[in-house]
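Numbering (our numbering) for the sequence shown: 5 to 129. Here a beta-carbon is modelled for each residue, glycine too, at the ideal position from N, C-alpha and C. Please read all numbers here as calculations on a predicted model, not as lab measurements. Everything below concerns the one structure shown next.
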Amino acid sequence: LQKGLAQLSEEGATQFFKPMMSNDLILGAVGVLQFDVAAYRLKDEYGVEAVFEPVQVSTARWIRCDDARKLEEFRDKNAMNLAIDAAGELVYLAPTRVNLNLAQERAPAVEFLATREHALAAAPS
């Protein structure tokens with residue numbers, strides 16, 4: 005299942021996240037049709053029956069912080085909303101826009117980036 009989800013994620017049609025505080029896998033997509041396509045492809049290409057259930061995630065933001073101590077504090081305080089994406093990057097999964105805004109206000113040293121590409125481009129070389 006993870007291999008199939010990782011492959012679909014690499015193709016850009018979907019993103020998948022592994023929450024830090026559970027063994028669930030969360031599939032992110034724009035539009036309900038993408039879930040149907042993912043389910044079909046998982047079954048057809050990987051022999052995996054997938055059942056999707058809705059989750060309380062409004063938006064995802066990739067996390068970046070140059071201060072290791074501040075990042076660790078943020079991780080400790082927000083573990084319930086954090087996940088790792090298919091590329092191993094840290095992601096904040098916000099249940100609402102209000103939640104995202106509050107998290108940003110409470111952690112001014114942390115950058116909340118709209119795409120993984122922005123997170124990778126902003127990373128120090």
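query, result
"Where Gln60 sits in the DSSP three-state scheme", "coil"
"CB contact check: Val102 to chain C, cutoff 9 angstroms", "In the displayed structure, chain C is absent; only one protein chain is listed."
"Cutoff 6 angstroms; reference Asp3; Cβ partners in own chain excluding five residues on either side", "Any property of residue 3 remains undetermined from this structure, which presents the chain solely from 5 to 129."
"Backbone CA spacing between Gln19 and Tyr96 [nearest angstrom]", "13 angstroms"
"Segment limits, alpha helix (DSSP H) that includes Val41", "Val36 to Tyr50"
"Proximity of Ala91 and Arg68 at Cβ, strictly below 9 angstroms", "no"
"Which residues DSSP lists as bridging Arg65, in chain order", "Tyr96"
"Proximity winner among Arg101, Leu5 and Ala98, relative to Val52 (alpha-carbon distances)", "Leu5"
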